Every structure is written in structure tokens, then in C-alpha cells.
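Heads up: the structure comes next, in C-alpha cells.
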């Protein structure tokens with residue numbers, strides 16, 4: 008037999024302790040505000056259970072009894088809103104409190120206040136609704152590769168399902184109040200205690216994965232423009248080339264270089280030069296498509312890889328050139344007339360060597376510089392290397408390192 012007062016006391020202490028633990032984790036990494044919300048939810052839950060114990064001991068009546076349960080429902084709503092905040096969704100304060108409001112209003116009805124089965128039905132409905140909503144927020148996450156995602160979805164889902172059986176049971180037993188004195192309450196209390204401990208560790212795991220992801224993004228991002236840096240650009244380009252090789256398609260690489268950038272720095276200052284770089288980064292990000300890989304290689308040099316043949320890449324490059332010519336007329340309050348020269352090269356993705364493709368696009372870029380700047384030059388296609396059918400695949404050709412063939 009499980010002793011209910013002991014379970015309640017243990018649950019209150021563990022919930023409060025985990026709440027302070029989550030608060031401490033948030034203090035260590037304030038970028039994840041959901042940890043503070045989850046910590047507050049656990050402390051509210053522990054306070055609600057403690058108040059429930061005090062009310063049961065001193066028999067303070069249905070209004071205060073309702074207030075203790077209301078705190079527990081606010082805690083459930085806070086966990087749900089913490090999940091929304093974790094996935095960059097807006098917080099819903101009214102929905103957070105609606106379960107507690109419904110409970111407090113119901114406690115003012117004498118027939119409800121005197122009916123233990125009615126308490127079980129309504130509290131089970133409110134608790135399961137919030138836990139199902141929490142599971143839905145996690146399931147709706149677009150980043151579906153997180154290792155903790157399945158556990159984070161399944162645990163609140165199972166917890167919500169545990170609260171459903173008492174509803175028909177309470178209805179069938181009618182006015183029989185032995186439901187609350189039976190072993191069901193002990194089972195629910197124990198299950199809730201395990202759920203609280205499990206979700207705390209899952210929350211920390213999710214926060215750890217989010218922090219690792221943020222550090223990886225920061226390591227691959229240029230801090231001035233927000234685009235990929237050289238390292239991130241090369242990694243993302245390799246993935247795109249592999250994907251296009253599987254589809255037997257072409258890829259194109261665009262090299263960008265802002266014209267007379269040294270003169271811009273010398274004339275208007277480095278702050279205005281940085282502003283010009285940010286304007287170009289904004290133009291290229293808005294002009295090219297979401298699936299294109301865009302990065303700043305260093306200084307005033309940028310690059311982009313498109314899953315397109317040479318003709319389509321040339322059209323996209325011309326759109327970027329024209330858009331920056333218009334945006335570069337006035338930058339940072341100075342009439343700069345900034346422009347960009349672009350070199351493009353294309354190749355079949357299968358067997359493509361990125362370094363060779365970049366060298367071809369770079370040669371086209373320098374030709375654009377030499378022929379007047381503010382223009383697009385597309386590198387001529389390389390003839391396809393004849394297939395040597397008499398030799399086994401991967402022998403001489405692989406050893407020689409055949410470059411990209413258009």
C-alpha cells in the first residue's frame with residue numbers, strides 16, 4: 008500500500024527541487040528562456056501540492072481546495088507555454104490560465120464542490136488537455152532530427168492518456184466517493200512524480216541539443232552579414248552536390264566581388280564599408296532562392312551554389328547584379344554607387360570537385376573585372392570526358408581525379 012501523504016510530500020519536494028534546478032540551468036544559458044518557464048511551472052506545481060496537503064490536513068473548505076488545484080493547472084499551462092517558447096512560438100497567457108479559471112468557477116457551484124467524482128472528471132480533462140497540447144507543440148517542430156524529440160512527444164502523450172480512464176470510471180460510479188480513497192489516487196500520484204522527473208531530464212536534453220545547434224550555427228556563420236562563413240559554405244555545398252549527384256543534375260557556382268571596395272573603405276570609412284557588405288548580403292539572400300547555398304568567403308568576396316545549369320545560374324546572377332546596383336546607390340547615407348562583378352561556372356554534380364568549379368567561376372569573375380566591372384561572365388562549358396568502357400570503373404579515371412564535367 009502506498010501512503011498518500013508521503014507521496015504528496017515527496018512530490019512537492021521533488022517538483023520544487025527540479026524547478027530550482029531548471030532555473031539554475033537557465034541562468035547558465037539565458038538564450039533558452041523556456042528553461043525559466045519550465046522551472047517556474049515545477050515550483051508552482053510543488054507549491055500547489057504543498058497547499059493541497061495543508062488544505063487536506065486543516066479542512067479549509069472547497070474554495071481554498073479549488074485554489075490549490077488551480078495552481079497545479081497553471082503549472083500545466085506554464086509547461087505548455089514553455090514548449091511554445093522553446094520552439095519560438097508566441098506565449099498565450101489567457102490559455103495558460105483558462106484551466107485554472109474554469110476550475111475556480113466550477114468550485115463556486117455547490118453540487119460540483121460536494122462531488123468527488125466531478126472533481127476527478129474535470130481535473131483529469133484539464134490536465135490531459137494541457138499535456139496533449141504540450142505533446143502537439145513538440146510534434147509540430149520543423150526540426151525533426153532532434154534525438155530527444157520522440158521521448159519529448161511520447162512521455163507527455165502517455166501522461167495525458169493516464170488521466171483519461173478516471174473520467175468514465177468516475178461517471179459510472181456516480182456518487183460513490185470511494186474512488187478518491189482507493190488505490191487510483193496513489194497510482195496517479197506516483198505516475199505524475201515519475202512524469203515530473205522524466206520531463207525535467209528531457210527538458211535539459213532538449214536544451215543541450217538546442218545549445219549545441221546554436222554553437223554549430225555560430226561556428227558556421229559570418230557575424231557581420233549573417234551568411235555562412237567559408238567553413239559553413241563548403242560543408243553545405245558538399246551536401247548539395249551529393250544530393251544533386253544522386254539526381255544526375257547540374258550545379259552552378261557564382262563568385263561575387265564588390266567593385267572598388269578598397270576605395271569605398273578609404274573614402275567613406277570601414278563602418279560604411281561594413282554597411283555595404285551587409286546591404287549586399289541582404290540583397291543576395293532576398294534575390295536567390297531558399298535552397299541555394301550562400302556564403303561570405305572573406306573580405307568583399309561572396310559565393311553561391313545553385314542546383315541549376317549554367318543558363319539559369321546566369322539569369323539568377325544578373326538579378327543579383329541589378330538588385331545590388333539599385334540598392335548600392337546610397338548606403339549608410341553616402342552616395343556610393345556600389346556595384347558587384349560576378350563569375351559563374353556550371354558542371355555535372357556527379358564527380359564534381361568544388362575546388363575546380365570555384366577556380367573556373369573565379370576566372371570568370373576576374374574576366375568580369377577586367378572588362379569593365381558590374382557585369383556577369385559565365386565560364387564556357389568544359390567538354391565531357393569520353394567514357395572508357397574497356398577499363399573497370401574507378402581505375403585510372405578515379406586515380407587521376409577527373410574534374411567536373413559540364
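Numbering (the numbering used here), first residue to last: 8 to 413. Where is the CB? At the ideal position from N, CA and C, for every residue including glycine. These figures come from a predicted structure and were not determined experimentally.
Residue 314: buried (16+ other C-beta within 10 angstroms of its C-beta) or exposed? Position 307 of the chain shown, counted from the first residue, corresponds to residue 314. Taking all protein chains in view, the Cβ of residue 314 is crowded by 16 or more other Cβ atoms within 10 Å, so the residue is classified as buried.
Pick from 282, 371 and 374 that is closest to residue 341, judged by C-alpha positions: Position 334 of the chain shown, counted from the start, is the residue given in the question as residue 341. For the residues 282, 371 and 374, the minimum Cα distance to residue 341 belongs to 282.
Under 8 Å, with one C-beta from each stretch per pair, do the stretch 129-140 and the stretch 73-85 reach the 3-pair mark? With a cut-off of 8 Å, the stretch 73-85 and the stretch 129-140 count as touching, because enough Cβ pairs lie within range.
Where residue 343 falls: helix, strand or coil (DSSP): The count along the chain shown starts at 1 and reaches residue 343 at position 336. Coil at residue 343, not helix or strand.
Can the beta-carbon of residue 259 be found less than 9 Å from the beta-carbon of residue 320? Here residue 259 refers to the residue found at position 252 when the chain shown is read from its first residue. Here residue 320 refers to the residue found at position 313 when the chain shown is read from its first residue. Yes; because the gap between Cβ atoms is below 9 Å, this pair is in contact.
Whole-angstrom Cβ separation of residue 307 and residue 264, contact assumed at under 8 Å? Taking the chain shown and counting its residues from 1, the one referred to as residue 307 is at position 300. Taking the chain shown and counting its residues from 1, the one referred to as residue 264 is at position 257. That belief holds up - the Cβ atoms of residue 307 and residue 264 are roughly 6 Å apart, short of 8 Å.
If I'm right that residue 368 touches residue 386 with Cβ under 8 Å, what's the distance once you round it to whole angstroms? The residue you call residue 368 lines up with position 361 of the chain shown. The residue you call residue 386 lines up with position 379 of the chain shown. So it is a contact: roughly 6 Å between Cβ atoms.
Would you check if the distance between the CB atom of residue 48 and the CB atom of residue 26 is smaller than 9 Å? Taking the chain shown and counting its residues from 1, one reaches residue 48 at position 41. Taking the chain shown and counting its residues from 1, one reaches residue 26 at position 19. For residue 48 and residue 26, yes; Cβs fall inside 9 Å.
For residue 264, the first and last residue of its enclosing beta strand (DSSP E): Counting from one through the chain shown, the residue named residue 264 turns up at place 257. In the DSSP annotation of this structure, the continuous segment of the beta strand (DSSP E) that includes residue 264 starts and ends at 257-265.
Assigned exposure category for residue 345 - 16 Cβ within 10 Å defines buried: Counting from 1 along the chain shown, the entry for residue 345 is found at position 338. Per the 10 Å Cβ criterion, buried.
Inter-residue CB distance, residue 46 and residue 29 (contact presumed, cutoff 8 Å): Along the chain shown, read from residue 1 onward, the residue named residue 46 stands at position 39. Along the chain shown, read from residue 1 onward, the residue named residue 29 stands at position 22. That belief holds up - the Cβ atoms of residue 46 and residue 29 are roughly 3 Å apart, short of 8 Å.
Thinking C-alpha only, which one of 100, 94 and 19 is nearest residue 60? By one-based count along the chain shown, residue 60 stands at place 53. Checking every option, the nearest Cα to that of residue 60 belongs to 19.
Do residue 331 and residue 268 have their beta-carbon atoms positioned less than 9 Å apart in this structure? For this step, residue 268 is matched to residue 261 along the chain shown. For this step, residue 331 is matched to residue 324 along the chain shown. In this structure, residue 331 does not lie closer than 9 Å to residue 268 by Cβ.
Best match in 218, 347, 21 and 166 for proximity to residue 40 [C-alpha to C-alpha]: Sequence index remark: in the chain shown, residue 40 carries index 33 (1-based). Of the listed residues, the one whose Cα sits closest to residue 40 is 218.
Where does residue 386 sit, in a helix, a strand or coil, going by DSSP? Position 379 of the chain shown, counting from 1, holds the residue named residue 386. Note: residue 386 maps to coil in three-state DSSP.
Going by CA-CA distance only, name the one from 58, 312 and 123 that's closest to residue 251. Position 244 of the chain shown, counted from the first residue, corresponds to residue 251. When each option's Cα is compared against that of residue 251, the closest is 312.
Please give me, in chain order, every unbroken run of the alpha helix (DSSP H) with length at least 4 that falls completely inside the stretch 298-378. The qualifying runs are 317-334 and 361-377.
Cross-strand partners of residue 201 (DSSP beta bridge): Counted from its first residue, the chain shown places residue 201 at position 194. According to DSSP, which records beta bridges pairwise, residue 201 is partnered with nothing at all.
Endpoints, the alpha helix (DSSP H) within which residue 127 is located: Within the chain shown, numbered from 1, the residue matching residue 127 stands at position 120. 123-146 is the span of the alpha helix (DSSP H), which, as asked, contains residue 127.
Beta-carbon proximity check, residue 203 vs residue 22, cutoff 9 Å: Within the chain shown, the letter at position 196 stands for residue 203. Within the chain shown, the letter at position 15 stands for residue 22. Against a cut-off of 9 Å, the Cβ pair of residue 22 and residue 203 comes out as a contact.
When 34, 35 and 78 are compared against residue 54, the one with the closest alpha-carbon: Counted from its first residue, the chain shown places residue 54 at position 47. Comparing Cα-Cα distances from residue 54 to each of 34, 35 and 78, the minimum goes to 78.
Name the DSSP beta bridge partners of residue 235, please? Numbered from its first residue, the chain shown carries residue 235 at position 228. Paired residue(s): 228 and 302.
Enclosing alpha helix (DSSP H) for residue 284 [first to last residue]: The sequence position of residue 284 within the chain shown is 277, counting from 1. 277-294 is the span of the alpha helix (DSSP H), which, as asked, contains residue 284.
Whole-angstrom C-beta distance between residue 285 and residue 232, which should lie under 8 Å: Here residue 232 corresponds to residue number 225 of the chain shown, with the count starting at 1. Here residue 285 corresponds to residue number 278 of the chain shown, with the count starting at 1. Their Cβ separation, rounded to whole angstroms, is 6 Å, which keeps residue 232 and residue 285 in contact under 8 Å.
Please state whether the Cβ-Cβ distance between residue 302 and residue 310 is less than 9 Å. Here the question's residue 302 lines up with position 295 in the chain shown. Here the question's residue 310 lines up with position 303 in the chain shown. Yes, the Cβ-Cβ distance between residue 302 and residue 310 is below 9 Å.
Shortest alpha-carbon distance to residue 326 belongs to which of 96, 348, 32 and 371? Position 319 of the chain shown, counted from the first residue, corresponds to residue 326. Per the Cα distances, 348.
Which value, in whole angstroms, describes the spacing of the CA atoms of residue 166 and residue 198? Translated into positions along the chain shown, residue 166 becomes position 159. Translated into positions along the chain shown, residue 198 becomes position 191. Rounded to whole angstroms, residue 166 to residue 198 spans 8 Å at the Cα level.
Apart from the five residues just before and just after residue 95, which ones in its own chain have a Cβ nearer than 7 Å to its Cβ? The residue labelled residue 95 in the question sits at position 88 within the chain shown. Correct list: empty, nothing qualifies.
Check whether the Cβ atoms of residue 208 and residue 169 sit closer than 9 Å, and answer yes or no. Sequence index remark: in the chain shown, residue 208 carries index 201 (1-based). Sequence index remark: in the chain shown, residue 169 carries index 162 (1-based). Cβ distance not < 9 Å, so residue 208 and residue 169 don't count as in contact.
Tell me whether residue 222 sits in a helix, a strand or coil according to DSSP, three-state version. Working through the chain shown from its first residue, we reach residue 222 at position 215. Residue state, collapsed to three classes: helix.
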